[in-house]
């Protein structure tokens, strides 16, 4: 199945990706080819097959509910683009 | 035997370890000799994103001091490189992306910690395809890496910097990660040994996630003995990775010596179909004959769903990548766009500017296959087909111990040749992707040259069968010694 520009715009919005206007034509063409390529999966007979959840069929391990991490806020926030008083700054959300 | 520092780069990790122990040279001399080579030769290769010269010198001095006082970790004073996907505390970790151009990790990956505890000296962080998405190292924000065997060619990817640096004798070993072939394919294309362990064998903690059900850490070295040595250090249970498996770690080095007498090797008929370069096919058949001469028996096996492995991968991996990469939002770390209009604009422009074309394509492919109305037809369907592919391997391993074939359909291709055609690029990984989908261990070992370009023999084992494939690769290597060959300009 090939995709059109409107679909690609919708996908980009869902993925929170701004594409420049001159990126669209190429993106539509390449994504369409990828989708067409993976479409061959529809031919496989998989009626009674259980979808894989883990490559070794291992259950997800649980850990005891104990505090193991220390508060490293200041160190971690050194990588943040904008912080104030230990909080991350973003553009105003509520008027 | 003593070695002058001008020859140290020619030795493998195992040889260097013996030299350090005998006192032929110090870790400081070794480290300085390799750093000098990196400064001189990496201007051509672009295999490094960051060279950690000062830290390396300090670590080498500590290692020499520790040795003098009678302490010796398994890797004490031995130089290694880390693919720039592994978080290293205090050193920037870019993952080959503009998004993380200035990211300095507050902590280290388990792989990094374990190698440091064993005494290894890290010389730098290697170039890679952006977020490990690519098979040519051309998607890196920091520019492509060149193949030491032909500077016009790609070294493969995504662990292209690690492979090129080891092939060019800038370091004896490097870490890598493999989601669809990203250790084994560049190893094949650069005449190095590349080992991808079983899913869950090595901790993924601190390894920047691409596709969490497929990603696995491993190593690129110049001999299988070195790969065995390093795997023994990095393998094992880690409570900080919820998919790490608690399974005993054998002595991989000791296991190398076993005879191949009676080993049953499976040959996959479909591996020799039209897609395989004739020169590669000939060399792989010669390699199989060598294994037979060492006492192994060859047996044809069938992987009927092999053709579906690439399309399955290109649903599962992008789906997981679109989830994993949602953390890059321009708020907590990573690239942030200037003067955002509002929060939505901040997200969209930070991600639009921070990610390169291939990463954006994969995020969008993943977003599409997970979106309402398409989830069953793509994602769930792919996870069903993945189960069929895993069952094919299981059936095959009921009759054989190892599966052998080509690592890559062609030798190294020229930079620029495939980058504009995603499907052609994706099909590069046709022989390696199956092992990731099924969680199996695989190794690529040098098996000869087509013209001046090297190719690799790929050996896949059952879950936790690392010892068996290392043993098989080692016995083959002893017989043929292709891994000793070095590109002329880097001798």
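Residue numbers (the working numbering), protein chains in the order written: chain R, 1 to 95; chain S, 1001 to 1491.
From the three backbone atoms N, C-alpha and C, an ideal C-beta is built for every residue, glycine too.
| query | result |
| --- | --- |
| C-alpha gap between residue 1041 of chain S and residue 1152 of chain S, whole angstroms | 16 angstroms |
| Residue 24 of chain R at chain S interface by Cβ criterion, 8 angstroms | no |
| Sequence-distant residues of its chain with Cβ nearer than 6 angstroms to residue 1411 of chain S (five each side left out) | 1450, 1453, 1455 |
| contact_flag[the stretch 1104-1114 of chain S, the stretch 1141-1158 of chain S] where n(CB pairs < 8 angstroms) is 3 or more | no |
| Contact set between residue 35 of chain R and chain S, taken where Cβ atoms lie within less than 8 angstroms | 1365, 1368 |
| Partner residues on chain S for residue 60 of chain R, Cβ-Cβ distance less than 7 angstroms | 1242 |
| Minimum C-alpha distance to residue 59 of chain R - residue among S/1252, S/1245, S/1399 | S/1245 |
| Closest residue to residue 1079 of chain S among S/1098, S/1230, S/1086 (Cα-Cα distance) | S/1230 |
| Own chain, CB closer than 7 angstroms to residue 1315 of chain S, minus 5 neighbours either side, in chain order | 1369, 1378, 1379, 1382 |
| Beta-carbon proximity of residue 1140 of chain S to residue 1129 of chain S, cut-off 8 angstroms | yes |
| Limits of the unbroken beta strand (DSSP E) element including residue 1449 of chain S | 1442-1450 |
| Minimum Cβ-Cβ distance from residue 1211 of chain S to chain R less than 8 angstroms | no |
| Within chain S, partners of residue 94 of chain R - CB distance below 7 angstroms | Those within 7 angstroms of residue 94 of chain R in chain S number zero; the least Cβ separation is about 11 angstroms. |
| CB contact check: residue 1086 of chain S to chain R, cutoff 8 angstroms | no |
| Interface flag, residue 71 of chain R vs chain S, CB-CB below 8 angstroms | no |
| Secondary structure of residue 1035 of chain S, DSSP reduced to three states | helix |
| Helix, strand or coil at residue 1186 of chain S [DSSP, three-state] | helix |
| Contact set between residue 9 of chain R and chain S, taken where Cβ atoms lie within less than 7 angstroms | By Cβ distance, chain S contributes nothing, its closest Cβ being about 11 angstroms from residue 9 of chain R, past 7 angstroms. |
| CB contact check: residue 90 of chain R to chain S, cutoff 8 angstroms | yes |
| Inter-stretch contact at 8 angstroms, needing at least 3 Cβ pairs: the stretch 1328-1341 of chain S / the stretch 61-75 of chain R | no |
| Pick from S/1242, S/1209, S/1072, S/1247 that is closest to residue 1319 of chain S, judged by C-alpha positions | S/1209 |
| Close-in-space but distant-in-sequence residues of the same chain around residue 1187 of chain S (CB under 7 angstroms, 5 per side omitted) | 1163, 1193, 1194, 1220, 1444, 1456 |
| Helix, strand or coil at residue 64 of chain R according to DSSP, with G and I counted as helix | coil |
| Contact test: residue 1120 of chain S Cβ vs the ligand ZN heavy atom, cutoff 7 angstroms | The model depicted lacks the ligand ZN and carries no ligand whatsoever. |
| Interface partners of residue 1039 of chain S on chain R, CB under 8 angstroms | Correct list: empty, because the minimum Cβ distance to chain R is about 29 angstroms. |
| Under 7 angstroms by beta carbon: chain S residues contacting residue 51 of chain R | 1380, 1383, 1384, 1387 |
| 8 angstroms Cβ cut-off: residues of chain S touching residue 30 of chain R | 1361, 1422 |
| Within-8 angstroms CB hit, residue 67 of chain R to chain S | no |
| Residue-level contact to chain R via CB, residue 1103 of chain S, 8 angstroms cutoff | yes |
| 8 angstroms Cβ shell around residue 1064 of chain S - same chain, five flanking residues per side excluded | 1026, 1027, 1028, 1077 |
| Contact set for residue 1247 of chain S: own chain, Cβ-Cβ below 7 angstroms, skip 5 residues either direction | 1464 |
| Chain R residues whose Cβ lies nearer than 9 angstroms to that of residue 1131 of chain S | Near residue 1131 of chain S there are no residues of chain R at all, since even the closest Cβ is about 14 angstroms away, more than 9 angstroms. |
| Stretch-stretch touch, CB-based, cutoff 8 angstroms, three pairs: the stretch 1196-1208 of chain S with the stretch 22-42 of chain R | no |
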